[in-house]
Amino acid sequence: MGVELLRPVMPRIHNPLLADAATIDRFISHCHRRRYPARTDVFHPGDPADTLYYIISGSVSIIATEDNDRELVLGYSGPGEFVGEMGLFVASQHRDVALRTRTACDLAEISYERLQALLLAQPGDAARLLYSIGAQISKRLLDTSRKAGRLAFLDVSDRIYRTLFDLAKEPESMSHPMGTQLRVSRQELARLVGCSREMAGRVLKKLQADGKLHARGKTVVVYGTR
């Protein structure tokens, strides 16, 4: 396993308090590793909140759902990130969101009970792991605040355009002579910005007519992102 897969992704600047590769290796040695196919639900709303996950490889979506089966993608997480951590800090017995794989994923899983025993037994690693988890929670809070601001103040066209720029920063994006190439469906865009699939399709056509991108099928090239 390459060390690069295990290195925490937040923040970008060097911080001696973050868990380093050796700390993560020791943490993973206490976890159960499991492989998930793409587009698989790891947990659903209402499931017991008793397990922490660490993404070794792959990408996942964090999804809020409504009773009418409508979904809103709250964000993506990738290699080097922890997910399912909220129950460690908030008294909640059940999940409030769904976790779904976007690609095939290799996850390290550990129960809260086993994790708490590990943190007590290894206080040095505990400080680094908890700091890393806290840094990632802070980033997600910033991302969620930004998404809420967009929903309140921007129209659908602006929300989609800014979301495409965000996706251009994801590890799955590819460099293109005109900017950045993405693989994203109309349905996924709709779930990211809170609109219908049809509206997402119309906005992409309008943005293409305006010369801001090129969209064909699930391939979108966003101009001016490099």
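First residue of the sequence shown: 7, per this note's numbering; consecutive thereafter. Note that beta-carbon positions come from the ideal geometry of N, C-alpha and C, so glycine has one too.
Task: Ala44 classed as buried or exposed, judged by whether at least 16 other C-beta atoms fall within 10 angstroms - done: exposed
TODO: May I ask which residues mark the beginning and end of the beta strand (DSSP E) holding Gly93?
DONE: Looking at the DSSP string, Gly93 is not in any beta strand (DSSP E); the run it does join, the alpha helix (DSSP H), is Met92 to Phe95.
Task: Segment contact flag, the segment 107-115 with the segment 63-76, C-beta cutoff 8 Å, min 3 pairs - done: yes
Open item on the list: the ligand GDP and Met180: does any heavy atom of the ligand fall closer than 7 Å to the residue's C-beta?
Closed with: Within the structure as shown, the ligand GDP is missing, as the structure has no ligands at all.
Task: Unbroken alpha helix (DSSP H) run spanning Val209, endpoints - done: Arg203 to Ala215
Task: Bridge-paired residues (DSSP) for Pro54 - done: His100
Open item on the list: Pull the bridge partners of Cys111 from the DSSP assignment, please.
Closed with: Tyr42
- [ ] Answer with buried or exposed for Ala55, where buried requires no fewer than 16 other C-beta atoms within 10 angstroms of its C-beta.
- [x] buried
- [ ] Over the uninterrupted alpha helix (DSSP H) stretch that includes Gly130, give me the two end residues.
- [x] Pro129 to Phe159
Open item on the list: Taking a contact to mean a Cβ-Cβ separation below 8 Å, would you say Cys37 touches Ile116 in this structure?
Closed with: yes
Task: Cα-Cα separation between Gly230 and Arg222, rounded to whole angstroms - done: 18 Å
Task: Beta-bridge partners of Tyr82, as assigned by DSSP - done: Ser67
Open item on the list: I need the boundaries of the alpha helix (DSSP H) containing Asp239, first residue and last residue.
Closed with: This structure does not reach residue 239, given that the chain is present from 7 up to 232, and the question cannot be answered.
TODO: Note the first and the last residue of the continuous beta strand (DSSP E) segment covering Ser181.
DONE: Met180 to His182
Task: Residues bridged to Leu188 [DSSP beta-bridge criterion] - done: Val226
TODO: Starting from the C-beta of Lys218, find all residues in its chain whose C-beta is less than 7 Å away, skip the five residues before and the five after it, and write them out in chain order.
DONE: Tyr167 and Tyr229
Open item on the list: Whole angstroms are fine: how far does the CA of Pro129 sit from the CA of Ala28?
Closed with: 15 Å
- [ ] Report all residues from its chain with a CB closer than 7 Å to the CB of Arg32; omit the five preceding and five following residues, and keep chain order.
- [x] Asp131
TODO: Please go through the same chain and pick out, in chain order, the residues whose beta-carbon is closer than 6 Å to the beta-carbon of His50, but skip the five residues on each side of it.
DONE: Ala104
Task: C-beta contact flag for Leu198 and Thr169 at 8 Å - done: yes
Open item on the list: Quick check: what's the CA-CA separation for Leu160 versus Thr150?
Closed with: 15 Å
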